[in-house]
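Asks:
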Amino acid sequence: MQEKVLLEVAPALVGDDSPDDATISAPSPLHVLASAHQEEIFSLIRSIPSFGSSPREEEYKFERFRYLLDLYQEQPVLLDPCINDMITTLLSFVKLLGDGQTRFDNASTVAMKFLSHIAKVRGYKHFLSLLPHEVCYMEKVLVCLEKYSDSNYSEKDYEVHYVLLLWMTILCKNPFDFNRFDSSSERPSTVQRIIRAVMPYLYKPISKFHPVAALLLATVVTREDARAKLLPSTVESCVGALGTCSAKSSNDVVLVANLFLLTAIFKHGRREDLFASAGAVLRAVSRLIDFEKADFVVKKLLVKLVQRLGMVFLKPRVCKWRYERGNRVLTLDSESVKKVKESATRMEVNRLEDDDDYDIPCEELEVVLDTVLCALRDQDTDIRWSAAKGVGRVASRLPMQLANDVLSSILAHNFDELAGHAAWHGGCLAIAELSRRGYLLPERLPDVVPVLLKALVFEERQGRHALGANVRDAACYISWALARAFRPSDLAPYVSRIATSLVCVALFDREINVRRAASAAFQENVGRQCSFPNGIEILTLIDYFAVGMRRHAYLEVSVEVAKYSLYSRPLIEHLADYKVTHWSEDIRVLAAEALRRLSALDASAVLEQVLIKIVPLVGSQQPISRQGGILALAGSLSGLSGSGVVMQDSFYQSVARIPSDTFAMCEKKTQSIVGLLMRRAMNSFIHLLSTVIPPQFIPLEDWLKTLDLIVCDENERLRTDAVAAASQFFTIFTCAERVDLLVDRVNQRYIHRVLRAEKECAREGIASLLGVLPPSVYAIQDQDHIPLYAKIVNALIAVVDGRSGIDASWAYGRRASIDALAKIVSVVGLDSLSLSDSSRLIDCVINALNDYTTDSRGDVGRVLRASAMRALGMLLPIAERYNRHTERVDEAICKIVQQSCEKIDATRICAAEVLCDLIHSGLDIVEKETLRMTYLPECIPSGWQPHDWGNSACFTRLAALLSSQHYRYHALSGFVISAGGLGESTMRGASDALLEVLNAHRDSSPDMEVFLHDLAAIFSNNVGIARVTLPLLRTLEQIFSAEVLNCFGALPDSSPSLAKIIDLVAAEAAAKGNPQKVRIAVTILCHALHFNCDSRIWHKAASVIVRTLRSPYPTLRRSAAEQLYECIASEVVNPHGKENGNRSELLNILTKTEWQVDGEQDRFSELSSSIARMLNVGC
C-alpha cells in the first residue's frame, strides 16, 4: 500500500484541517501510516468536542474518518505505530457515567463510534488489548454496561454497546479476585452482575455483539475464582438449551447464543475442567450437525466447536513423530547448521519409537474427524478454511498412524475426479495446514505432489465460465507451505516439476490473485529451498508486479522466462494442454499469440505440440476447442515460419482448406456461439497465414468468400479484424496471374455492394475493404484506361454525398467511406486523381463536416465529422503542395474551428489536434497567429494536454476566437451549440466564457452590434433546424438574463440585428410544435419588455406574449402569464411607464386567472384581447 496511491484516492478535507501540498507529496516508508492521513485522522479526532452536538457535521466527519481508515483495511498493521495514540486520545473524550446518568454525552458517543470503527479495521482481538485495564475502571465500566444493557436497545447506541463489551473483556482478564468488588452479600456479586449485563447480547439477532459477548462470558466463567462454581453449570445449561433447539438456522437466537458461548468456553477453558462435560456437549451437538440444512453461521460455529471438543478429548502434546526441519531462519551459521542436523537425527530416532500409549476416545474422535472432514467439502469457503485448521490442530495430537489415516482419507475423498471444486479447495487447505504444522511426513510426498500439480491447473467447467480459482490459489498455498516445512533434500525429486508448474501458473493463469500467489510460492521456494533452477533470475522476471497484467505476462514475461531451457518446453506444453482450449476466449487468443512468440525460442517443442495436440483440435466438435485449435495453429505456424521452419506441402494443403471446411459454420449468425467463434478464428487464421502458406495451395475464392462474409458482420470488432486480415491477404494478388481475380471482384462485387448496400454494416465493411488494396492493384487500368482507384474514389464519393431514404442515417457507413478515401489518396497520391475527381473529393470531405445525423444512439454524425477532419488534416497540405484547391482551405479551417467549439468532447479534441497539425504543416492560413496562440500547446503556459480540450475549461481559451473578425461567426456557431446544450459542465463552461466576452463589450453599442449581427445570421441561416434553434434560444435566454444588452435599452430599434433576432424569436414562439421551444422564446421576449416601451421591439415582444396567453397548452399559458406579471410589476414604479392607469387591473387579471384550466379556450381568448388593449398592442 503505497502512500502515493492512497493519497490519490483519499483527497483531503477542504478547510483549515487539510494538509498542505508539501505534506501530501512527501514520500513515506511503506511500513507506516501515510503522514498526510495520520495528520488528518488526528485532526478529526481532536475536533470531536466541536462537532459532537451537530448531527450533520458529525455524520460528515465520521464518514471521512471511516473512509481514511478503510484505506488500510487490507493492511491494518500499518496503523499500529499510532493506533495507541488514537485510542488514548479518543478515550480522553469519554466520560464514564456517574450517579443519575443513563446516557453518554454527545462527545463520548462520537468517540465511541470512532473507537468502534478502529476495532473493525484493526480487528477487535488486537484492539481490546490496547484498552486501559487498570482495576480502577472495573466498577465504572461495569456500571455503564449495566445501564446500557438494561435500557432499550437503539441503533444509535450500537457502537457504545460494542466498545463497552470490549473494554469489559480486557478488564476481566486481570488476575484479581472479583470478590474484592463485592460490597455486601445482599447485592449480586460482580460476576453475577457481569453475566446478567452481558447475557442479553447473546440473545439478540445475529450481530457483531455475539463473538465479543461470548468471549467476555467465557473469560468470566473460566477465571480461576469462578471456574469451579460457574463453568460446569454454564456448560450444562448450554447443553440443555441446545437440546430444546430443533431448527438449524441462525434465526434461532437460542441456538446461536449457546453455540457462540460454548465455542468461546472450549477455546479459553482448561482441558481438565472441560473434559468431564465434553462428551455431553458432543452428544448434544452431533444431532445438530447437518451441513445440507444448516445455514452458514450455524455450520461455522458447529465446526469450530467440534474441533475444539476434539482438542479436549486428546492430550496436549508435541508428537515425537512430527517432522522438524530445525531452524527456519534463512541466514544459518555453522552452529545453526549443526543444530539442524542434530534435530533431524533426533526426529528420525523419535519416529522409530512408539507413541505414548493413552486411551483415545475412539467413538468421540470418530465423530469429530467425520464432522471436520465433511466440512472440508462444504460449499462455503469459510467453513472449509475453519475445517482445514481443525484438521491440522487435531492431527497434531494424534499418533502417527491415525494422522496418516486422516491424510489418506483426505487424499481419497477430496481429490476424486468427480469431486467438485469445494472438495478440492478444502483438501488443499488441509494439506497445506498439515504441512505448515509439520504433520506431513516426507514419505507422503509421492502422494501429495501429484495432487498438488493437478490442483495448480484445476478447473471445473460451468457452461461459459469455470470454477476453481480458489483451488489453484490453495495449491499455491501448499507449495508455499512445503517450501517452509521440508529440507531441500526431501523436495529434491520434485523440484523441477513444482518449479515449472508454479512458473506456468504465475504466467498463464486467468486470475490475477492466483498468478501473484504462484509468484509468492515460487519466491518462497527459491529462498527456502535454494534448489530451484535459475531461481533468482526467474523470480526477478515473475515478481508481484510483473504478473499483474495478464497480457504482459503472456506475451512479454513468458518470452523472457522461456530463454531458460528448463522452462521453455513446460510453458509450451502448458499452453497447448490447458490454455488453447480454455473456456475464456481472451485466454485462447493470448495463448495462440504466446505460442507464436515462443516458437522463436523452442521451435521443435512448438512443432511437436502442433502435430500431436493442436491439429486434432481443428476437427473437434466442440466450438471452443475448434476455435482454440485454429487460433493456436495459426499462431504456431506463423511463429515457426518466422523461425525458418518449413512444413510439408501436404500439410500446407490440408491447413489451407480450413476456411473452406468451416465456411458453413461461419455462415451461422453471430448470435450463434458457433458462428461468432469461427468468424473470429478465421480473421486470425487468414491474417497470420496469408504470408505463410504458399499461394499455390490457397483456395483463393474460398478465402475471399470467407472475408466477404465476415467483413459485413454486424460486430464492429469482427469487421475491423477482417479488414486487417484482408490487408495481409490481398498482398497475394500483387502478381500478374492472380491480380485479375481481385480486380474483377472489386469491379463486379465490391463497388456494386458499397453503392447498393442493404445494411450499414455491409457498407462499412466493404468500404473499409476498398481502402486496404495493394498499391499495384489500385493502379490496374481497364480497357478505357481508367485506373481502378478512380472508380473506387468516385464510388466512395457517391456514397458520402448521395443519401436515399435507406441510408440517410448511415453515418458510420459514410465514416468508413471517408476513411477509405483518405487511405487511397495517401497511397496513390492526390496528384494521381484528375482535377475534377480531386475537387469532388475535397468538396465531399468538407461537406461531411455538416453531417449531424441522429438516431437512437444520439449524434452519430460525430464519427463522420471526426473522420472528415482527420482526412482534411492529411489532404489539405497535400493539395497545397500540388497547388490544388487552395481556395477551399479557408472554408475547411473555419468549419474545423466550429467543430472545436461544439459540445461533444471527443469532437473538440479531434478538431484541436487536426488544427495543431495543420498549423505545423506550414499551410497558408488566414489569421494563423490567432489559431496558433489558441490551439498550440506550447503557446499555453499552463502545460496544456490534448485531452484537456475535452474539459469545459477549454472554452476559456476558445473564447479568444470570438474576438477574431474572420473566425467569429464559426466559433460563435460552436459556442451556441455548447452553451445551449443539455450537459451541465459543457453548458456552464461555454456559457461563462461567452458571457465574459460579451460583458467586456456591454457598454459599446458598435461592438455589441457585431456580435448580434453574427447571432442573427446564425439564427436566420438555421431557421427550422431544431438542432441549432433550440440551443440558440437557450443561449439567447442566458444573454438576455445576464443584462449585457442594456446599451440598447433606451433605443433598441437602433440595432437592426437585435430587431432581426426578436423577429426570429417571435416567429419561433408563434410556430406550432415543440412547447419547450415556445416557452424559451416567450422568456426571451419577456426580457425584451425591459426595453423602451415605445419601441417596435417592445410592441413586437408584448404582442407575441399576449397571443401566448390563448395557447392550447396550459403550461405555456401559465408561464407566459407569470413572466408577463413580473415584467409589468417591475414597470409599476416607473413614472414614465405607459398606460399606468390600467396596470393594477392588468395585474389582477394575471394573478386571479387560473391559466392551467382546460376547456376555457374562449375565455382565454377574451382575456388576451383585453390585456392587449390595456397594453396597446396587437393581438
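Heads up: the sequence shown begins at 1 in full-length UniProt numbering, then just goes up one per residue.
Beta carbons are placed, not taken as given, at the ideal position from N, Cα and C, and that holds for glycine.
Just so it is clear, the structure is predicted and the values come from calculations on it, not from any experiment.
Which class does G1159 belong to by DSSP, given the choice of helix, strand or coil?
Replies: Numbered from 1 along the sequence shown, position 1159 holds the residue referred to as residue 1159. The answer is coil: DSSP assigns G1159 none of H, G, I, E or B.
Asks: If I'm right that L230 touches V198 with Cβ under 8 Å, what's the distance once you round it to whole angstroms?
Replies: Residue numbering aside, residue 230 sits at position 230 when the sequence shown is read from its first letter. Residue numbering aside, residue 198 sits at position 198 when the sequence shown is read from its first letter. Not quite, the Cβ-Cβ distance comes to about 13 Å (not below 8 Å), so this is no contact.
Asks: Tell me whether N525 is buried or exposed, calling it buried when 16 or more other Cβ atoms sit within 10 Å of its Cβ.
Replies: Walking along the sequence shown from the start, residue 525 turns up at place 525. Classification of N525: buried, given that the 10 Å Cβ count is 16 or more.
Asks: Helix, strand or coil for L1045 per DSSP?
Replies: Sequence index remark: in the sequence shown, residue 1045 carries index 1045 (1-based). The answer is coil: DSSP assigns L1045 none of H, G, I, E or B.
Asks: Please identify the residue among D416, L434, A422 whose C-alpha is closest to the C-alpha of M400.
Replies: The sequence position of residue 400 within the sequence shown is 400, counting from 1. When only C-alpha atoms are compared, the closest one is L434.
Asks: Taking contact to mean 3 or more Cβ pairs, one atom from each stretch, closer than 8 Å, check whether the segment 247 to 265 and the segment 295 to 303 are in contact.
Replies: Enough Cβ pairs lie closer than 8 Å, so yes.
Asks: If we require 3 or more residues per run, which beta strand (DSSP E) segments fall completely within the segment 284 to 314?
Replies: Runs of the beta strand (DSSP E) inside the segment 284 to 314: none found.
Asks: Using 8 Å as the threshold, is the C-beta distance between A213 and L165 below it?
Replies: Within the sequence shown, the letter at position 213 stands for residue 213. Within the sequence shown, the letter at position 165 stands for residue 165. For A213 and L165, yes; Cβs fall inside 8 Å.
Asks: Do three or more CB pairs link the segment 642 to 651 to the segment 586 to 605 at distances below 8 Å?
Replies: With the cut-off at 8 Å, the segment 642 to 651 and the segment 586 to 605 touch.
Asks: Which residues in the same chain as V143 place their Cβ atom closer than 8 Å to its Cβ, once the five residues preceding and following it in sequence are excluded?
Replies: The count along the sequence shown starts at 1 and reaches residue 143 at position 143. Result list for V143: L96, L97, in chain order.
Asks: Whose C-alpha, out of V618, P361, T956, is nearest the C-alpha of D992?
Replies: Position 992 of the sequence shown, counting from 1, holds the residue named residue 992. That would be T956, whose Cα lies nearest to the Cα of D992.
Asks: Just how far apart, CA to CA, sit Q1161 and G950?
Replies: Residue mapping note: residue 1161 aligns to position 1161 of the sequence shown, counting from 1. Residue mapping note: residue 950 aligns to position 950 of the sequence shown, counting from 1. Cα to Cα, Q1161 sits roughly 49 Å from G950.
Asks: Mind reading off the beta-carbon distance from L288 to L302? Whole number of angstroms is fine, and I expect it under 8 Å.
Replies: Against the sequence shown, residue 288 aligns to sequence position 288. Against the sequence shown, residue 302 aligns to sequence position 302. Between L302 and L288 the Cβ distance is about 6 Å, and since that is below 8 Å, they are a contact.
Asks: What is the DSSP secondary structure of H970, reduced to helix, strand or coil?
Replies: For the purposes of this step, residue 970 is taken as residue 970 along the sequence shown, with counting starting at 1. H970 falls in the helix class under three-state DSSP.
Asks: Is it true that the CB of Y967 sits closer than 8 Å to the CB of L961?
Replies: Looking up residue 961 in the sequence shown gives position 961. Looking up residue 967 in the sequence shown gives position 967. The answer is yes: Cβ separation under 8 Å.
Asks: If you draw a straight line from the C-alpha of C910 to the C-alpha of C1093, how long is it?
Replies: Here residue 910 refers to the residue found at position 910 when the sequence shown is read from its first residue. Here residue 1093 refers to the residue found at position 1093 when the sequence shown is read from its first residue. If I take the Cα positions, the gap works out to 48 Å.
Asks: Quick one: using the 10 Å Cβ neighbour count with 16 as the cut-off for buried, is S684 buried or exposed?
Replies: As a position in the sequence shown, residue 684 is number 684, starting the count at 1. The residue in question, S684, is buried, as its Cβ has 16 or more Cβ neighbours within 10 Å.
Asks: Helix, strand or coil for Q462 per DSSP?
Replies: The residue given as residue 462 occupies position 462 in the sequence shown. Reduced to three states, the DSSP call for Q462 is strand.
Asks: Going straight from the alpha carbon of F1011 to that of I1061, what length do you get?
Replies: Here residue 1011 corresponds to residue number 1011 of the sequence shown, with the count starting at 1. Here residue 1061 corresponds to residue number 1061 of the sequence shown, with the count starting at 1. When rounded, the distance between both Cα atoms is 12 Å.
Asks: Does the Cβ of Y67 have 16 or more other Cβ atoms within 10 Å, making it buried, or fewer, making it exposed?
Replies: Position 67 of the sequence shown, counting from 1, holds the residue named residue 67. Y67 should be labelled exposed.
Asks: Going by beta carbon distance, what residues of the same chain come within less than 7 Å of L1167, once the five residues before and after it are set aside?
Replies: The residue given as residue 1167 occupies position 1167 in the sequence shown. Answer for L1167: L1109, I1149, T1153, listed in chain order.
Asks: Between R437 and S396, how many whole angstroms is the CB-CB distance? I'm expecting something under 8 Å.
Replies: The residue you call residue 437 lines up with position 437 of the sequence shown. The residue you call residue 396 lines up with position 396 of the sequence shown. About 6 Å; that satisfies the 8 Å criterion.
Asks: Have a look at A280 and G243 and give me their C-alpha separation to the nearest angstrom.
Replies: Your numbering for residue 280 matches position 280 in the sequence shown. Your numbering for residue 243 matches position 243 in the sequence shown. Each residue's alpha carbon lies about 11 Å from the other.
Asks: Take every Cβ of the segment 124 to 143, pair it with every Cβ of the segment 106 to 113, and state whether three or more of those distances are shorter than 8 Å.
Replies: No: fewer than three Cβ pairs fall under 8 Å.
Asks: Compare the C-alpha of L78 against each of S92, A34, R64 and name the closest.
Replies: Numbered from 1 along the sequence shown, position 78 holds the residue referred to as residue 78. Here the closest residue by C-alpha is A34.
Asks: Please go through the same chain and pick out, in chain order, the residues whose beta-carbon is closer than 7 Å to the beta-carbon of E831, but skip the five residues on each side of it.
Replies: Locating residue 831 in the sequence shown gives position 831, counting from the first residue. The residue you asked about is not Glu; residue 831 is Asp in the sequence shown. Closer than 7 Å at Cβ, skipping near neighbours: Y882.
Asks: Can you pull the DSSP bridge partners for D859?
Replies: Walking along the sequence shown from the start, residue 859 turns up at place 859. D859 is bridged to T854.
Asks: Between the alpha carbons of F729 and S776, how many angstroms are there, rounded?
Replies: Counting from 1 along the sequence shown, the entry for residue 729 is found at position 729. Counting from 1 along the sequence shown, the entry for residue 776 is found at position 776. Going from the Cα of F729 to the Cα of S776 covers about 14 Å.
Asks: Whose C-alpha, out of D1158, A605, I1128, is nearest the C-alpha of S1144?
Replies: Sequence index remark: in the sequence shown, residue 1144 carries index 1144 (1-based). It is I1128.
Asks: Would you say the segment 515 to 529 touches the segment 571 to 580, given that touching needs at least three Cβ pairs under 8 Å?
Replies: No, the segment 515 to 529 is not in contact with the segment 571 to 580.
Asks: Whose C-alpha, out of G765, L755, S826, A790, is nearest the C-alpha of D801?
Replies: Here residue 801 refers to the residue found at position 801 of the sequence shown. Comparing Cα positions, the closest option is L755.
Asks: Quick one: grab the DSSP three-state call for P1114.
Replies: Against the sequence shown, residue 1114 aligns to sequence position 1114. The answer is helix: DSSP assigns P1114 an H, G or I state.
Asks: Compare the C-alpha of R227 against each of D273, Y203, K208, V239 and name the closest.
Replies: To locate residue 227, count along the sequence shown from 1; it is residue 227. The option with the nearest alpha carbon to R227 is D273.
Asks: By a C-beta neighbour count over all protein chains shown, 10 Å radius and 16 as the cutoff for buried, is T102 buried or exposed?
Replies: Position 102 of the sequence shown holds residue 102. With fewer than 16 other Cβ atoms within 10 Å, it is exposed.
Asks: Output the boundary residues of the alpha helix (DSSP H) element that contains V914.
Replies: The residue labelled residue 914 in the question sits at position 914 within the sequence shown. V914 -> alpha helix (DSSP H) spans 905 to 920.
Asks: Taking the CB atoms as reference points, tell me whether F1019 and H1087 lie closer together than 8 Å.
Replies: Here residue 1019 refers to the residue found at position 1019 of the sequence shown. Here residue 1087 refers to the residue found at position 1087 of the sequence shown. Not in contact: F1019 and H1087 (Cβ atoms no closer than 8 Å).
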